[in-house]
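Asker: So that we are looking at the same thing, I have put the structure below in structure tokens.
In the working numbering, the protein residues as written are 208 to 776.
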């Protein structure tokens with residue numbers, strides 16, 4: 208039986224989801240990636256086999272659902288760009304992400320033109336090639352129990368990749384629309400660029416307004432988080448289409464604003480994450496159902512060219528970006544390899560392309576088939592490259608709590624300067640308040656506690672190191688920030704200037720853990736190797752690398768299960 212007509216859109220959606228879930232289940236049984244099962248199920252119900260939907264364009268019929276689903280993923284992608292977590296690593300992450308994204312897009316676009324693809328389509332292919340698979344990368348990191356600066360850089364670059372992919376895809380997609388409708392010839396290139404820039408600014412403004420409204424309604428009107436954020440995504444997608452701006456950019460900026468607005472804002476942005484697995488099922492299955500086998504031969508050459516150009520762009524661009532950011536060799540030579548997987552948002556963009564009536568049917572067929580083939584190969588081989596890169600980075604098996612785990616890269620200030628002891632303490636409290644998102648009242652209470660404790664007795668422990676500390680009623684674990692001063696801070700009258708300052712903040716009931724951390728810090732700075740590494744650090748990365756190094760293991764030791772439970776309840 209063949210089901211056709213707009214009235215069956217709900218049936219199309221349910222059939223796609225049910226078939227995809229069954230295909231994923233069967234794939235798991237034979238130990239294959241679930242994505243292959245989703246696509247195989249789509250192929251089975253599509254025109255290549257059962258042709259369950261007749262002549263109906265599944266992608267076009269489900270376009271509103273596809274846009275909302277992509278909007279949810281765009282909010283999720285934007286939520287990973289949290290300035291508080293990335294501020295110290297922003298230069299490194301930005302250099303790598305921009306380098307590999309620019310190289311990848313340029314090489315794929317030029318390679319596509321070389322095999323005869325027109326410029327608008329080549330630009331869209333280049334934009335889609337930028338995306339990396341966050342789900343595959345996160346799964347491998349968890350399975351390998353990997354942790355460290357390489358893993359942090361990798362996950363941050365993957366998040367930025369998604370944002371850059373959406374940004375350049377939105378612009379390339381608009382240019383493609385102009386080219387195929389003839390509007391581009393009528394408007395002229397300058398007007399097209401100005402119009403695209405105006406749409407980006409309007410999307411930014413819309414995302415900010417939606418973010419402010421979400422925060423107000425959750426905190427003041429006590430709306431249910433999941434329900435409100437979902438309604439806001441629906442509204443953002445709808446109003447973006449009404450205003451003629453790109454809904455992907457609006458939703459992406461919405462996610463960026465949510466995660467940076469407040470500590471609870473990141474939880475708002477993550478509210479829709481439980482929907483993501485179902486969205487991926489729908490994307491892969493719908494893409495498989497739209498697959499036309501008669502386009503396989505023509506798409507084969509383009510698929511090979513796409514794969515080679517994308518891999519070369521990712522590796523060489525990341526290598527160049529890492530060199531600019533002065534990353535160590537153990538990271539620089541591996542980061543490009545780890546960016547090989549490509550699924551997730553890329554398959555959603557393929558479905559969006561297939562739903563566009565302005566693109567010629569043959570072009571859509573070839574592009575869709577080629578991208579599905581490339582994504583399948585990347586899903587099969589990409590994880591092997593990521594696994595190899597994580598192993599070579601030396602961070603596999605290190606996802607265990609350490610006694611000084613609270614001193615991550617984002618909690619370190621290098622360089623740090625202050626003219627007086629109290630000025631240094633206030634600056635440390637200010638940095639702590641920023642990285643831990645303290646309220647004004649909590650910040651004032653912490654500053655008063657730290658200054659009062661220092662007035663009672665100096666926290667200078669010698670060798671140019673001081674460990675000021677205070678108490679805070681909020682929190683469940685010992686936390687803090689670390690700073691390294693090149694010129695030193697005068698701490699005691701006539702005493703040696705302090706070069707390394709570690710501010711410890713202890714909540715109620717954690718006095719024993721506080722003493723244990725103090726003991727570990729004292730023993731660590733008495734080690735000449737560790738002492739010299741801290742004093743010679745030129746960046747927060749250098750300090751974080753020293754704290755996680757093999758030399759620091761006796762002092763920044765791993766906690767056993769019982770200790771870990773006590774330290775991090």
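Glycine included, each C-beta is placed from N, C-alpha and C at the ideal position.
A quick note: this is a predicted structure, and the numbers were derived from the prediction, not measured.
(1) Go ahead and pull the three-state DSSP assignment for residue 426.
(2) If you measure between the beta carbons of residue 421 and residue 548, is that distance less than 8 Å?
(3) Between which two residues does the beta strand (DSSP E) harbouring residue 711 extend?
(4) Which runs of the alpha helix (DSSP H) spanning at least 4 residues fall entirely within the region 543-568, listed in chain order?
(5) Compare the beta carbon distance of residue 413 and residue 452 with 8 Å and say whether it is the shorter of the two.
(6) With a threshold of 8 Å, are at least 3 pairs of Cβ atoms found where one atom belongs to the region 694-705 and the other to the region 721-733?
(7) If you pair each beta-carbon of the region 570-590 with each one of the region 364-381, do three or more pairs fall below 8 Å?
(8) Taking DSSP as the reference, what is the three-state secondary structure of residue 691?
(9) Ends of the beta strand (DSSP E) at residue 678?
(10) When you compare only the Cα positions, how much space is there between residue 680 and residue 493?
(11) Please confirm whether residue 520 and residue 313 have their CB atoms less than 8 Å apart.
(12) Would you grab the beta carbon distance between residue 634 and residue 541 for me? Rounded to a whole angstrom, and I think it's under 8 Å.
(13) Would you report the Cα separation of residue 628 and residue 615, rounded to the nearest angstrom?
(14) Please check the pair residue 203 and residue 609, which I expect to be a contact at CB under 8 Å, by giving their CB distance rounded to whole angstroms.
(15) Who pairs with residue 733 in a beta bridge, going by DSSP?
(16) Quick check on the burial criterion: 16 or more other C-beta atoms within 10 angstroms. Buried or exposed for residue 210?
(17) What is the rounded straight-line gap between the Cα of residue 357 and the Cα of residue 326?
(18) Please identify the residue among 509, 626, 552, 537 whose C-alpha is closest to the C-alpha of residue 573.
(19) With a cut-off of 8 Å on the beta carbons, I'd call residue 592 and residue 514 a contact; round off their distance for me.
(20) Going residue by residue through the region 602-690, where are the continuous beta strand (DSSP E) segments of at least 3 residues, counting only ones entirely within it?
(21) Identify which residue in 733, 467, 316, 706 has its Cα closest to the Cα of residue 289.
(22) Count the CB pairs spanning the region 476-492 and the region 234-250 that are closer than 8 Å, and state whether there are at least three.
(23) Check each candidate in 611, 295, 366, 561 and name the one with the smallest Cα separation from residue 617.
(24) Are there 16 or more other CB atoms within 10 angstroms of the CB of residue 307, so buried, or fewer, so exposed?
(25) Within 10 angstroms of the Cβ of residue 743, are there 16 or more other Cβ atoms? Answer buried if so, exposed if not.
(26) Would you kindly check if the distance between the Cβ of residue 687 and the Cβ of residue 709 is under 8 Å?
(27) Who are residue 696's beta bridge partners in DSSP?
(28) Just how far apart, CA to CA, sit residue 478 and residue 286?
(29) If you draw a straight line from the alpha carbon of residue 642 to that of residue 253, how long is it in whole angstroms?
(30) Only counting the same chain, and skipping five residues up and downstream in sequence, which positions put a Cβ closer than 8 Å to that of residue 535?
(31) So, are the CB atoms of residue 339 and residue 546 less than 8 Å apart?
(32) Tell me the rounded alpha-carbon separation between residue 230 and residue 554.
(33) Could you tell me the boundaries of the alpha helix (DSSP H) in which residue 320 lies?
(34) Would residue 757 be called buried (16 or more neighbouring beta carbons within 10 Å of its own) or exposed?
(35) Where do the ends of the alpha helix (DSSP H) carrying residue 460 lie?
(36) What residue range is occupied by the uninterrupted alpha helix (DSSP H) comprising residue 349?
Answerer: Put simply:
(1) helix
(2) no
(3) 705-713
(4) 552-561
(5) yes
(6) no
(7) no
(8) strand
(9) 676-678
(10) 52 Å
(11) yes
(12) About 36 Å; that fails the 8 Å criterion.
(13) 24 Å
(14) Residue coverage of the chain in this structure runs from 208 to 776, which leaves residue 203 outside it and unanswerable.
(15) Residue 733 pairs with nothing; no bridge assigned.
(16) Because the pLDDT of residue 210 is 49, which lies under 50, any placement of that residue in the model is unreliable, and the number read from its coordinates should be weighed accordingly. The residue in question, residue 210, is exposed, as its Cβ has fewer than 16 Cβ neighbours within 10 Å.
(17) 36 Å
(18) 509
(19) No, residue 592 and residue 514 are not in contact; Cβ-Cβ is about 12 Å, not under 8 Å.
(20) 667-669, 676-678
(21) 467
(22) yes
(23) 295
(24) buried
(25) exposed
(26) yes
(27) 705
(28) 11 Å
(29) 51 Å
(30) 752
(31) yes
(32) 17 Å
(33) 297-321
(34) exposed
(35) 454-468
(36) 341-350
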